[in-house]
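Chains as they are written, first to last, in this note's numbering: chain U, 3 to 255; chain G, 3 to 255. Heads up, the beta-carbon is just placed ideally off N, CA and C, and yes, glycines get one too. Computed from a predicted model, the values in this text were never measured in an experiment. Here the structure comes first, spelled out in structure tokens, and everything after it is commentary.
Number of protein chains: 2
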Amino acid sequence: MLNILITNDDGIRAKGLRTLIEIARPFGNITVVAPQDPMSGMGHAITVSRPLRLNLLKKEENYQEYVCVGTPVDCVKMGLRIPLENQNVDLVLSGINHGSNASSNVIYSGTMGAAIEASIEGVKSIGFSLLDYHHDADFMQAADFMRKIIADVIETQIPRGISLNVNIPKAKKEDIKGIKICTQADAHWVEEYLARKDPWNGDYYWLAGEFVDGNVSEDSDIYALKQNYISIVPVQYDLTAFDMIEKLKHLNL
Amino acid sequence: MLNILITNDDGIRAKGLRTLIEIARPFGNITVVAPQDPMSGMGHAITVSRPLRLNLLKKEENYQEYVCVGTPVDCVKMGLRIPLENQNVDLVLSGINHGSNASSNVIYSGTMGAAIEASIEGVKSIGFSLLDYHHDADFMQAADFMRKIIADVIETQIPRGISLNVNIPKAKKEDIKGIKICTQADAHWVEEYLARKDPWNGDYYWLAGEFVDGNVSEDSDIYALKQNYISIVPVQYDLTAFDMIEKLKHLNL
């Protein structure tokens, strides 16, 4: 039986995690290690200056569930080293995130942080996100597509260092047109800080903003999602900008 | 005069930040926005579920210093939008980090998270790290090289989306051989969790481990640093694994 580790960044109580567990369970032995609290925006953060906690919540045949006081990346690191110590792990699944991780969102995403961590550790991984921020979003519309992606990834050789960033449009099952392999769109957030006063007249701020698609290319994830396709971007953690190497070598550095 | 924003991930009291401020001050108007607490390992994390604070600590001619209750990426976002609102910012400097951010450390690094955030926002940026974790490390041995790198970057066209990951060997000034443009080495951490008991017999864990260089290529940062060169890796935030796009298109997805 396959050994599958599941995590997310919306926390152990999130509906998206429960849907992913339901979809993944028929594929093998499931170990869930999910954060105690919501961890949106945690990117690839790890906990180094505080101790970590990992507590078993549930154990039954082919299923165990732990809650972790840590980030999504901590969940993957702890999951592989404590409950799954000395075991071969076949797949790490992360999500289903409440909200888009397309385009540059991948950088800030705890969901994708967890998937990327698995790829660094040599385990195949998929991060799933639905373009619906609602806590009660309907994650089952794309369930058949997700089963197909998981089954295909299990059968496919994927090099170490590559994870898959899967984003699902907010659409009814019958309106989802299919799956496209995409590039990361060059879109971005336009942000501002909203200032508030606390009861002692001190300033504090909330980060707010909107995502601007701009003029994205036709091979990008944002473009595919707008056409109601599920987008898959293969993601690597080698950040080297190879194009720049020769250019910089010509500098006077 | 140039407008320069400085941040770090070791927090506002870190010696490395003070050295970077000292080195950068002759280059222009300096705005420091640094985290209140140490933020090592925060990667590209942003604060979304709690309010942020930004407090002015010091203001004098061509210099202002703020402390931020947030991550290094929050510091860059807030710095550009609050004290430097509506101003053209020429350069973001991050560091000098106490410890290496070479190879895959770039992914976990708050220092580089801040530099990458600047590159997303279209501002030139450099993250500096010294391969010495000591809180009282001697950051001045490489000061002449750092001045040269900053001066050269100011004069150079660098495309949006590219930041520079500069790592400095722990060596005396006279032993540093020069500067090399490098790729991100394919080296990694071998980690374990050390279990402890709290006074109520509850388990908790500390992440521990060592970085294993392995068989790194001669064009990589780790290799250059071992030869006592300063390494510069141009870093991009487009994570698309382009090599994989065609391979995945042939799948049955």
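For residue i and residue j, what's the separation of their Cα atoms in angstroms?
i	j	result
residue 119 of chain G	residue 195 of chain G	31 Å
residue 208 of chain G	residue 180 of chain U	44 Å
residue 231 of chain G	residue 131 of chain G	13 Å
residue 95 of chain U	residue 220 of chain G	35 Å
residue 129 of chain G	residue 17 of chain G	15 Å
residue 223 of chain G	residue 241 of chain U	12 Å
residue 110 of chain U	residue 166 of chain U	16 Å
residue 49 of chain U	residue 74 of chain U	10 Å
residue 225 of chain G	residue 64 of chain G	39 Å
residue 67 of chain U	residue 25 of chain G	51 Å
residue 186 of chain G	residue 35 of chain U	30 Å
residue 127 of chain U	residue 237 of chain U	10 Å
residue 121 of chain U	residue 139 of chain G	34 Å
residue 251 of chain G	residue 154 of chain U	12 Å
residue 76 of chain G	residue 205 of chain G	33 Å
residue 146 of chain G	residue 123 of chain G	28 Å
residue 19 of chain G	residue 12 of chain G	8 Å
residue 83 of chain G	residue 90 of chain G	11 Å
Anyone know if the C-beta pair for residue i and residue j falls short of 8 Å?
i	j	result
residue 9 of chain G	residue 116 of chain G	yes
residue 45 of chain G	residue 190 of chain U	no
residue 214 of chain G	residue 192 of chain G	yes
residue 233 of chain G	residue 182 of chain G	yes
residue 93 of chain G	residue 156 of chain G	yes
residue 170 of chain G	residue 133 of chain G	yes
residue 29 of chain U	residue 6 of chain U	yes
residue 106 of chain U	residue 239 of chain G	yes
residue 80 of chain G	residue 58 of chain G	no
residue 243 of chain G	residue 164 of chain U	yes
residue 227 of chain G	residue 144 of chain G	no
Cβ closer than 9 Å: which chain G residues qualify as neighbours of residue i?
i	result
residue 261 of chain U	This structure cannot speak to residue 261 of chain U, because chain U is shown only from 3 to 255.
residue 3 of chain U	Per Cβ cutoff of 9 Å: no residues; residue 3 of chain U is ~23 Å from chain G at best.
For residue i, would you say it is in contact with chain U, using Cβ-to-Cβ distances shorter than 8 Å as the test?
i	result
residue 66 of chain G	no
residue 219 of chain G	no
residue 134 of chain G	no
residue 58 of chain G	no
residue 106 of chain G	yes
residue 19 of chain G	no
residue 179 of chain G	no
Could you list which residues in chain U have their beta carbon closer than 7 Å to that of residue i, in chain order?
i	result
residue 47 of chain G	43, 44, 45, 47
residue 240 of chain G	186
residue 243 of chain G	164, 236, 237, 238
residue 110 of chain G	46, 48
Helix, strand or coil for residue i? Go by DSSP, reduced to three states.
i	result
residue 27 of chain U	helix
residue 160 of chain U	coil
residue 227 of chain G	helix
residue 57 of chain U	strand
residue 51 of chain U	coil
residue 2 of chain U	With chain U represented from 3 up to 255, any question about residue 2 of chain U goes unanswered, as that position is not in the structure.
residue 113 of chain G	helix
residue 107 of chain G	helix
residue 145 of chain G	helix
residue 241 of chain U	coil
Between residue i and chain G, is the shortest Cβ-Cβ distance under 8 Å, so that the two count as touching?
i	result
residue 146 of chain U	no
residue 226 of chain U	no
residue 11 of chain U	no
residue 206 of chain U	yes
residue 86 of chain U	no
residue 253 of chain U	yes
Could you name the residues of chain G that residue i contacts, counting a contact when the two beta carbons are closer than 8 Å?
i	result
residue 194 of chain U	83
residue 198 of chain U	53
residue 50 of chain U	42, 43, 209
residue 95 of chain U	Those do not exist, as residue 95 of chain U stays about 16 Å from chain G at its closest Cβ, beyond 8 Å.
Taking residue i as the query, report the chain G residues whose CB atoms sit under 7 Å from its CB, ordered along the chain.
i	result
residue 158 of chain U	253
residue 190 of chain U	122
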